[in-house]
Amino acid sequence: MFRRTRRIALISALAATAVILTACTGSPQPVATSTGKPDADASLAVGLVLEPTNLDIRHTSGAALEQILIDNIYEGLVTRTQDNKIEPRLASEYEVSDDGLTYTFTLNEGITFHSGTALTAADVVASYEAVRTDATLQGNADFAAVASITSPDPTTVEIVLTAPNQSFLFALTGPAGLVFQTGDTTDLKTAENGTGPFTLTRWNKGSSITFARFDTYWGEPAGVAEVEFQYVPDFTAGVNNALDGGVQVLTAVDPNLASQLEDSGDFTLTTGRTTDKATLAFNNAKAPLDDVRVREALRLAIDHEGLVEAVGAGTTLFGPIPELDPGYEDLSDVVSYDPERAKALLAEAGQKDLELTLTIPSFYGTTVPKVLISDFAKVGVTLEVDSVEFPAWLEDVYGNHDYDLSFVLHVEPRDVGNFANPEYYFGYDNAEVQRLYAQALAEVDPDKSAELLAEAARLISEDHAADWLYNGATITAVSPAVTGFPKDSINSRINLAGVTVLSEK
Amino acid sequence: MIRYLLVRGALLIAGLLVSSVLIFLTLRVFPGDVAQLIAGTQASPAQVEALREALGLNQPLIAQYADWIGGIFRGDLGTSLLTGASVGEELFLKSQVTVPLGMMALTIALLIAVPFGILAAVLRGRRGGTALSVGAQALAAVPVVWAGMMLVVVFSVWLGWLPPQGFPRTGWSTPGKAVEALLLPALTIGIVEGAMLMRFVRSATLQAAGQDFVRTAAAKGLTRTRALIQHGIPAVGLSIITVLGLQVAGIIVGSVVIEQLFTLPGIGRMLVADVGTRDLIKVQSELLVLTGFVLIVGFLVDLSHHLIDPRQREAA
């Protein structure tokens, strides 16, 4: 007992000296507290902004839900990497037939649900059959071309399509592809029964969600014992919480507050790529935006570089396909910043003193509208901003197409198809784009498919079907004790499998 | 008395029914619905329609109303369309922030209003009394949001004594921290409501001072002030109860604003969030519970009047 006390006293004294010494140097460098060995018992606290409304990933859409649940709690046959490439997950391998119609998946061995029941091919068939037949399930539309889902033997699943579909496999990396236990009665809104490396231990609504390592996980077990996602909707409060040591990782850092975290020396910042397209939608179906000259003029009037600077993170984007998606091509040659040409085009279109309304969901703030108001004013266009709640936006803009201009961050990857759908709220109807897109989907060779998409994207941009204000980037602050935290695409997936926390000395 | 209770009770129930219809109908003017929100921006109209059907959102209004109110009669406040959680349970959970906040605010309001109100009455006509009245008038006119921000600037930013926002993650298992978190918001509501209440206490005290029994007491040799305090104040109590009943409503309304400002996870913030997500069944039940609470307070105030004041009993 005595020895132990003395040892603690000695350690405390050493620690105190270390603190004093580092304080003397005045260096902003973090104190080296890590021995460099991952601590398997560690618990990781991650700060996030957007809390899911419920946990029912089968019925509810939303990045906040997919972000934490897919790969950590639930798994599908395939998943996607940080740079949006498809890789097998529950399946050890998969094969697509030459005609692009038959997908054959071989299941990994020893997979069990968190309930303890073993996963079989029958569970996959039942899960996917539900998506195919139940219109209220997420991804139902992606399964429209599925002819049959069968399991020739307990470790094989075969899916046959009626027509080749390049986006089908990618759809399986989303909620539609997740596998649930057949006949399970878990209420998915509040609880789970997945197969992933973590189980859900607690959801304190409005505050935090806690995961624990699933010790009998079929694959490589998780590197940390526990993960707590803390939801702080206020950016400043989130940064304060991080600086107080409340979290070791803070995601979605507001670019304007990032320097505070970096200056503290307790965090390293990473800037990750995303497929977030900050889309300024034009109502192509309604005057005056049905006139391509007006649309081009508006795009010419926007100083994209300046806008990216005002937003504080991200890159310019001049077409509907971001860098992380197939078919990306730099389209900056299509439109440049040219207010004079914009004015001339507006005059040519017979638009004098044009007044337009921008409908924007209120949670996007005022930075973007302010820049647009000022840019448009320089070419004689008056922009009125109508900031509405998201459900109102969904009804008026998305549902009823009742708007001139709209701003939404479209986060879904590979969604260029929205421009090939005249029913979508963009109201953009170009037969050539629709033909190219359909051809790209039906193309069996991925490279050729990407080429067709790139061709469609160029057409869409040349038609000025919308403006892509910027391609979002996501800033993450990570403590030096944390390794392996993903960097790209983390607003749609935070795969925690490889994350470890180094033990402190 | 029993007759009075029956009549007044019937009025209470009628009031609740009318409010339930009003709440139900007014919420229907909002654009957008929860089905669209759940389905997201990649869903086809057919999918949204299927979801709407599954959630019972495309039933006729009268059926939806009957469904909701029928559940309430069975003591079931319904479940959230979005989260599937029981509304009753969540209300109970959130009331653990809002109720203590309201009680603290009410206490602060009374601590300000009663002594200063009486003081203002006693000092009437003198400089101190005028200063108190003018001060109360000014404070009562201050918007709650502004008062809250000023308090944050002083107590959090300058002095660093109290947290500027938030509620401890640990909740009431760390009572000290929980009280600390509620202190500034309670002060904000308490000061503004207290100033309003103080003006009322002052005029009620003055009115009592003009009553015969106070004058009689003064004639018996008590000083005017002592006569007022010993005999006048108790008579004021009754009317204060009435006004307090009204203040409760004020504090509930105030808590919606204040919980937003201080990001407190209470009923007010839940209400705002649920309106934002169009979780209408939940909003309906929450509003009805709050309305019911105010109506019941009013009922109790009336009842206590009836019991205490003999003149009212005869009138009935």
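Chains D and L are the protein sequences, given in the same order. Counting with our numbering, you get residues 1 to 505 for the letters of the first sequence. Counting with our numbering, you get residues 506 to 821 for the letters of the second sequence. Beta carbons: idealized from backbone N, C-alpha and C, even for Gly.
N471(D) is outside the set of residues whose beta carbon lies under 8 Å from a beta carbon in chain L. Ranked by Cα distance from F798(L), the first of G726(L), I756(L), L687(L) is I756(L). Separation of V232(D) and S585(L) (C-alpha to C-alpha, rounded to the nearest whole angstrom) is 22 Å.
Along the region 381 to 397 of chain D, the positions whose C-beta sits under 9 Å from a C-beta of chain L are V388, E389, F390, P391, A392, W393, L394, E395, D396, read in chain order.
If you check each beta-carbon in the region 126 to 147 of chain D against every beta-carbon of chain L, the ones closer than 7 Å belong to A135, T136, N140, A141. Taking C-beta atoms as the reference points, G174(D) and E93(D) fail to come closer than 8 Å.
In the three-state reduction of the DSSP assignment, W468(D) falls in the strand class, which pools E and B. Within the region 219 to 255 of chain D, the runs of beta strand (DSSP E) at least 3 residues long that lie entirely inside it are, in chain order, 226 to 231. Of all residues in the region 587 to 601 of chain L, only L587, T588, G589, A590 place a beta-carbon less than 7 Å from a beta-carbon of chain D.
DSSP places V411(D) in no beta strand (DSSP E); its state is neither H nor E. Using a 10 angstroms sphere on the CB of M775(L), the tally of other CB atoms reaches 16 or more, which defines it as buried. If you check the CB distance, K487(D) and G272(D) come in under 8 Å. Neighbourhood of R533(L) in chain D, by CB distance below 8 Å: empty, with the nearest CB roughly 13 Å away. With the criterion set as a beta carbon lying under 8 Å from some beta carbon of chain D, the members of the region 521 to 546 of chain L are F535, P536, G537, D538, V539, Q541, L542, I543, A544, G545, T546, in sequence order. Within chain L, the residues whose beta carbon sits less than 7 Å from that of E412(D) are Q547, listed in sequence order. Listed by position along chain D, the residues whose Cβ is nearer than 7 Å to that of L556(L) are T136. Remark: C-beta atoms of M703(L) and G653(L) do not approach each other more closely than 8 Å. In the structure shown, I577(L) adopts helical secondary structure according to DSSP, grouped into three states.
Around the Cβ of R202(D), a 10 Å sphere holds fewer than 16 other Cβ atoms; the residue is exposed.
Residue contact with chain L for H464(D): absent (no Cβ-Cβ distance below 8 Å to any residue of chain L). Taking C-beta atoms as the reference points, L596(L) and I772(L) count as a pair closer than 8 Å.
In terms of Cβ geometry, I73(D) and W218(D) do not form a close pair [threshold 8 Å].
A straight line joining the alpha-carbon of T268(D) with that of S479(D) spans about 6 Å.
Counting other Cβ atoms within 10 Å of its Cβ, R508(L) stays below 16 and is therefore classed as exposed. The three-state reading of DSSP puts G593(L) in helix, counting H, G and I together.
In this structure R89(D) does not touch E109(D) by the C-beta definition: roughly 14 Å separates them, more than the 8 Å allowed.
For the region 42 to 66 of chain D, the set of positions with a beta-carbon nearer than 8 Å to some beta-carbon of chain L reads T53, N54, D56, H59, T60, S61, G62 in chain order. For Q552(L), the neighbours in chain D by C-beta distance under 8 Å run, in chain order, A135, T136, N140, A141.
Using a Cβ-Cβ distance cut-off of 8 Å, the region 110 to 126 of chain D and the region 179 to 192 of chain D are in contact, since at least three pairs of beta carbons, one from each stretch, lie closer than that value.
Secondary structure of V96(D) (DSSP, three-state): strand. Classified as buried, S406(D) has 16 or more neighbouring CB atoms from the shown chains inside 10 Å of its CB.
Annotation: the continuous beta strand (DSSP E) that includes V46(D) extends over 43 to 48. For a Cβ distance threshold of 7 Å, nothing in chain D lies close to A686(L): the least Cβ distance comes to about 13 Å. Distance from A610(L) to R707(L) at the Cβ level is roughly 20 Å; contact not present, criterion being Cβ atoms closer than 8 Å. Taking the Cα of V444(D) as reference, the smallest distance to any Cα among N204(D), L169(D), T60(D), D254(D) is reached at L169(D). Per DSSP, E158(D) lies in no alpha helix (DSSP H) segment; the continuous beta strand (DSSP E) that holds it begins and ends at 156 to 161.
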